[in-house]
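Engineer:
Residue numbers (our numbering): 696 to 944.
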């Protein structure tokens, strides 16, 4: 689905990404983890076409991302931004259905789609008539996910989708997202600094450090066989939050 070959992106001050080689197969969930400033959000922006690589190639479905129609490309990628990014003057339903209305969907079709998505993300139907200020943090994130899914894109990209939520809400939403990803069968890339979140959601993990790949593999591989001291310290610092043996119950 996505292929990155020798990709480098630099910003003033030295922050950025690369060089990185990466393949994200269709239908899999990749969780990109690492400390602040490691290049996680830069990678997501490159996949979306919001940033252009200084060197190397970013390909989506075999075609170079900057060479594609940007609007058509975005409609094939659902994007959940940090904090949800809901418009305060629109109801939850207005936010979730914004792209579909822009494309001319009739109200019956849109209402049916929103009802379907509210069931998928476990959002009470009555919440669709509320404004963002009237929603809990978890409800707002569910609305943001509905907005990303409304056009049924093959790809979902999520940037710290649970970063501002309390622990209980994070736990509940994590379980719902895992179930939703399994049902949808889409290609998903999740950016997070939370190892427990990444292990719960991802088929594969990509751990970044200073813009470079420190390790990639299945959650079991990364946890059992850290590639170096940095990976071992990153895993060890969060091991108590992990479910199962060696972590929290």
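By construction, the Cβ of each residue, glycine as well, lies at the ideal position given by its N, Cα and C atoms.
Run the CB neighbour count on residue 712, radius 10 Å, all protein chains shown included, and call it buried at 16 or more, exposed below.
Structural biologist: buried
Engineer: At what residues does the beta strand (DSSP E) containing residue 755 begin and finish?
Structural biologist: 750-755
Engineer: Smallest Cα separation from residue 846: which of 701, 875 and 812?
Structural biologist: 812
Engineer: Just the Cα atoms here: how many angstroms apart are residue 926 and residue 864?
Structural biologist: Going by the C-alpha atoms only, they are around 28 Å apart.
Engineer: Under the rule that 16 or more other beta-carbon atoms within 10 Å means buried, what is residue 889, buried or exposed?
Structural biologist: buried
Engineer: Whole angstroms are fine: how far does the CA of residue 866 sit from the CA of residue 912?
Structural biologist: One C-alpha to the other measures close to 24 Å.
Engineer: In whole angstroms, what is the alpha-carbon distance linking residue 820 and residue 775?
Structural biologist: 20 Å
Engineer: Does the beta carbon of residue 890 sit closer than 9 Å to a beta carbon anywhere in chain C?
Structural biologist: Absent from the structure is chain C; it holds one protein chain and no more.
Engineer: Rounded to a whole number of angstroms, what is the C-alpha to C-alpha distance between residue 778 and residue 701?
Structural biologist: 31 Å
Engineer: Throw me the rounded Cβ distance for the residue 880 and residue 722 pair, which I believe falls under 8 Å.
Structural biologist: 5 Å
Engineer: Taking the alpha-carbon of residue 716 as reference, which of 907, 922, 934 and 920 has the nearest alpha-carbon?
Structural biologist: 907
Engineer: Exposed or buried, residue 727, counting other C-beta atoms within 10 Å across all chains shown (16 or more means buried)?
Structural biologist: buried
Engineer: If you follow the alpha helix (DSSP H) that residue 760 is in, where does it begin and where does it stop?
Structural biologist: Note, residue 760: premise wrong, no alpha helix (DSSP H); not H, not E.
Engineer: Does residue 772 come out as helix, strand or coil in the three-state DSSP assignment?
Structural biologist: strand
Engineer: Apart from the five residues on each side of it in sequence, which residues of its chain come closer than 6 Å, Cβ to Cβ, to residue 921?
Structural biologist: 927 and 930
Engineer: Return the CA-CA distance between residue 734 and residue 705, expressed in angstroms with no decimal places.
Structural biologist: 10 Å
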